[in-house]
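So the structure is just underneath, and the comments pick up after that.
Chains as they are written, first to last, in the numbering used here: chain A, 0 to 207; chain B, 166 to 635.
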């Protein structure tokens, strides 16, 4: 996984609650396994019916085309578990999402891929949104995971909270499977114990 | 002794270790893959040189992209073909039991796993799909996961999870005739919102839940993610055990008896504490239907599209944006709204009793002129059982399409989708914009409401449908 330490970039405001994974990464009917994650991101909102770009969608506006920070509302990433909703962000250079809250599975998928999910308290959040809107893509913000601060135009640095373990995992770009496999002996002894106390869990055989 | 919830008991039993980062490693007893995500995970493991730890506890089902057209094969839906073949190859090299496109037991993973007895009470289950908790209907603890987690489970047979909180949804009273688990679930989501259960595992309890057949409990647990829940289940009871007995993958003989003794202990302690409790009296509940573009935008079927001023402030903006997409104005009654399409199927409502309810309504009647109506059974087994009792003939005679099993129009991943501007009554789980096809306007409802609406050509209350001609 690519580590996340800090990111400096344009912040794009998409201030809406409950943006779901069908909106973020709609199922497109490509015929190959290698999907175009760059084109997938907010595909329906970015395109008009005739296939041309919708100039009113925030990520199509000239000042936000290269945004690296997406700023949004409550319950971001609701819906499906599809990880393409994270991969499509990264494919477009978005490394940070600042939301009022995240859907559980989406947040997990962010942590697996080095996409930083930031939740700001309501007062700080409102201040940040106002500053992002005022900056209008003309100046960059820096999100620093080491110091847990966001700096940028329009005011003082804003602090954010993130569980220490999630922070370490992102900064070090840790291999999640590798972390777990350090416990392989405990997994094996759990299996042996289950085999004794609930043996039916350890075998899934077709009895026919 | 400390009073525990059933969730706590299952979690603690399955907790293998605590990782350095504070996450619990939860053993996954049964893991089921589908073709939309499996190939990514297989490719990743191959690249890392990591083997599948427990292929014998892993299963795979082709469901998201398979065509529903009779006589289908790998290529009937051209956009699914590469996914189907890649999962088949991955299962072959990793020795994973695959329910392939032409397998007599293929179907939607959440329907297939319980009907074959692959999931069990008190067992943990994972699927790379947010509707994994459907199998909570038999008392299993199931987690939806992303692709990275899918690879993680394949390599280790555990998930690294933060312990969720406990929530109980208590359904009191009894559901009236013609009102189902779907209606109760939609009402709860309406009450607590699309993020109302975020971070929680939900235990569904109460007299109305106890009275539900297992298939209805699965519908209830299926919709748990639509209020943001991490998982959801119903504690198993005699009805569960009877439903599971003799299914092919359940323990047999003396081992069944031993399992049964254990399963009977699977209840929350009487005074166990829940972080959150929600109650709903089901006695006066009428059929429910969504009017908007998220599953919390729900009204009783005799109701009208709400006036935003009457909604909580936090829900007004979403409502305002839904009016335009759905082409509905505040105050419009739902009953009588002309429709173009009906879909009966998906992991929410595609099991045999769902189809029986719908068939009883359409028997001897015909789908209204101009309405396209589809029934897609949840599994090939459900399809076979339905055909054995003649339901296919009932649906076909009424003008319904009767398809091969799969996810179909729920997410449209197999090419089954509506036309722009169509209004569709659907027994699925998400009424998100464009999900059932670009600009398709989805109204989520029960199989009874969907069937009655297909006949009427308008949103209809099945309880008030004019007598049929049969």
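Virtual Cβ for every residue (Gly too), placed ideally from N, Cα, C.
Contact between the segment 616-628 of chain B and the segment 515-528 of chain B (3+ Cβ pairs under 8 Å): yes
Residue environment, residue 307 of chain B, which counts as buried when at least 16 other CB atoms sit within 10 Å: buried
Assigned secondary structure, residue 126 of chain A (DSSP; H/G/I helix, E/B strand, else coil): helix
Span separating the alpha-carbon of residue 455 of chain B from that of residue 467 of chain B: 12 Å
Simplified DSSP assignment, three categories, for residue 513 of chain B: coil
Residues of its chain near residue 312 of chain B, where Cβ-Cβ distance is below 7 Å and the 5 sequence neighbours each way are ignored: 202, 205, 206, 293
Closest by C-alpha distance to residue 225 of chain B, when choosing among B/290, B/215, B/244, B/189: B/290
Sequence-distant residues of its chain with Cβ nearer than 7 Å to residue 381 of chain B (five each side left out): 345, 346
Sequence-distant residues of its chain with Cβ nearer than 6 Å to residue 12 of chain A (five each side left out): 70, 131, 132
Endpoints, alpha helix (DSSP H) assigned at residue 312 of chain B: 312-321
Per-residue contacts from residue 210 of chain A into chain B (C-beta, under 9 Å): What is shown of chain A runs 0 to 207, which leaves residue 210 of chain A out entirely.
Contact test: residue 383 of chain B Cβ vs the ligand SAH heavy atom, cutoff 8 Å: Among the components modelled here there is no ligand, and therefore nothing to report on the ligand SAH.
Proximal residues to residue 265 of chain B (C-beta, below 7 Å), its chain only, five neighbours per side dropped: 227, 253, 271
Amino acids of chain A, ordered along the chain, whose beta-carbon sits closer than 9 Å to that of residue 599 of chain B: 21, 22, 25, 43
Residue nearest to residue 129 of chain A in terms of C-alpha spacing, selected from A/118, A/184, A/152: A/152
Residue-level contact to chain B via CB, residue 98 of chain A, 9 Å cutoff: no
Proximity test, Cβ basis, 9 Å: residue 77 of chain A and chain B: yes
C-alpha gap between residue 66 of chain A and residue 95 of chain A, whole angstroms: 10 Å
7 Å Cβ cut-off: residues of chain A touching residue 359 of chain B: 17, 74, 77
Chain-ordered residues of the segment 102-117 of chain A with a beta carbon less than 8 Å from chain B: 102, 103, 104, 107, 108, 111, 112
DSSP-derived helix/strand/coil call for residue 224 of chain B: strand
Cβ shell of residue 481 of chain B (< 6 Å), same chain only, five flanking positions each side left out: 473
Cβ-Cβ distance between residue 179 of chain A and residue 475 of chain B below 9 Å: no
Residue-level contact to chain B via CB, residue 156 of chain A, 9 Å cutoff: no
Residues in the segment 345-373 of chain B having any Cβ partner in chain A nearer than 7 Å: 359, 360, 363, 364
Start-to-end residues for the beta strand (DSSP E) that takes in residue 538 of chain B: 537-540
Residue environment, residue 446 of chain B, which counts as buried when at least 16 other CB atoms sit within 10 Å: exposed
Ranges of the alpha helix (DSSP H) found wholly within the segment 368-395 of chain B, counting only runs of at least 4: 372-375, 379-387
Helix, strand or coil at residue 256 of chain B [DSSP, three-state]: helix
Which of helix, strand or coil DSSP assigns to residue 182 of chain A: coil
Reduced DSSP category for residue 401 of chain B - H, G, I as helix; E, B as strand; rest coil: coil
C-alpha gap between residue 210 of chain A and residue 158 of chain A, whole angstroms: Since the first residue shown for chain A is 0 and the last is 207, residue 210 of chain A is missing from the structure and cannot be characterised.
Same chain only: Cβ atoms within 7 Å of residue 371 of chain B, ignoring 5 sequence neighbours per side: 335, 336, 337
Residue 111 of chain A, enclosing beta strand (DSSP E) - first and last residue: No beta strand (DSSP E) holds residue 111 of chain A; the alpha helix (DSSP H) holding it covers 103-112.
CB of residue 201 of chain A within 9 Å of CB of residue 222 of chain B, strictly: yes
For residue 335 of chain B, the first and last residue of its enclosing beta strand (DSSP E): 330-337
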